[in-house]
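Novice: Got a structure here, written out as structure tokens. Questions coming.
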Amino acid sequence: MRNVLEAVVMREYEELHAEMRDACGCPQCREDILVCALNRLPPRYVATLTGEVLAEVRLEADQGRADVTVALMEAFRVVGGGPRHARSPSTVP
Ligand SMILES: [Zn+2]
Numbered sequence: 396m397r398n399v400l401e402a403v404v405m406r407e408y409e410e411l412h413a414e415m416r417d418a419c420g421c422p423q424c425r426e427d428i429l430v431c432a433l434n435r436l437p438p439r440y441v442a443t444l445t446g447e448v449l450a451e452v453r454l455e456a457d458q459g460r461a462d463v464t465v466a467l468m469e470a471f472r473v474v475g476g477g478p479r480h481a482r483s484p485s486t487v488p
């Protein structure tokens, strides 16, 4: 069992981060942005490897992809506004 959104969010993150040159790319910020985006999205679980591929293809084609992009943009904004690499450890906003 796996949440296919993880793979989709990570791929979208790489694409978005390449475009956002002022966004911090350190491991802490990357992790915070991924967690923040995933927490904003409803999980999409699949059972098998085959189902995983099918679900990803479907996600690419439907509204899910746009939702992922929106959630990531918001995560970049939230984490970029108060990056944890710059202050003492705390929970993700
Ligand atoms: Zn950082």
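Per the numbering used here, the sequence shown starts with residue 396, numbered consecutively.
Quick reminder that beta carbons are idealized off the backbone N, C-alpha and C, glycines included.
Only a predicted model underlies this, so the values are computations on that prediction, with no experimental measurement involved.
From 396, 397, 403, pick the residue whose C-alpha is nearest to that of residue 453; which is it?
Specialist: Measuring from the Cα of residue 453, the nearest candidate turns out to be 403.
Novice: Determine the direct distance from the alpha carbon of residue 436 to that of residue 344, and round the result to whole angstroms.
Specialist: Only positions 396 to 488 of the chain appear in this structure, which leaves residue 344 out of reach.
Novice: What residues match up with residue 434 in a beta bridge as DSSP calls it?
Specialist: Paired residue(s): none; residue 434 is not in a bridge.
Novice: Can you tell me which of the three DSSP states residue 371 falls into?
Specialist: Residue 371 lies beyond the stretch modelled for the chain, which goes from 396 to 488, so this question has no answer here.
Novice: How about residue 412: is its Cβ closer than 7 Å to a heavy atom in ligand 1?
Specialist: No, the beta carbon of residue 412 sits no closer than 7 Å to any heavy atom of ligand 1.
Novice: Hey, residue 433 and residue 409: beta-carbon distance below 8 Å or not?
Specialist: No, Cβ-Cβ distance for residue 433 and residue 409 is not below 8 Å.
Novice: Per the DSSP calculation, residue 440 is bridged to which residue(s)?
Specialist: DSSP lists 398 as partners of residue 440.
Novice: The alpha helix (DSSP H) that contains residue 476, what's its start and end?
Specialist: From DSSP, the alpha helix (DSSP H) with residue 476 extends over 458-476.
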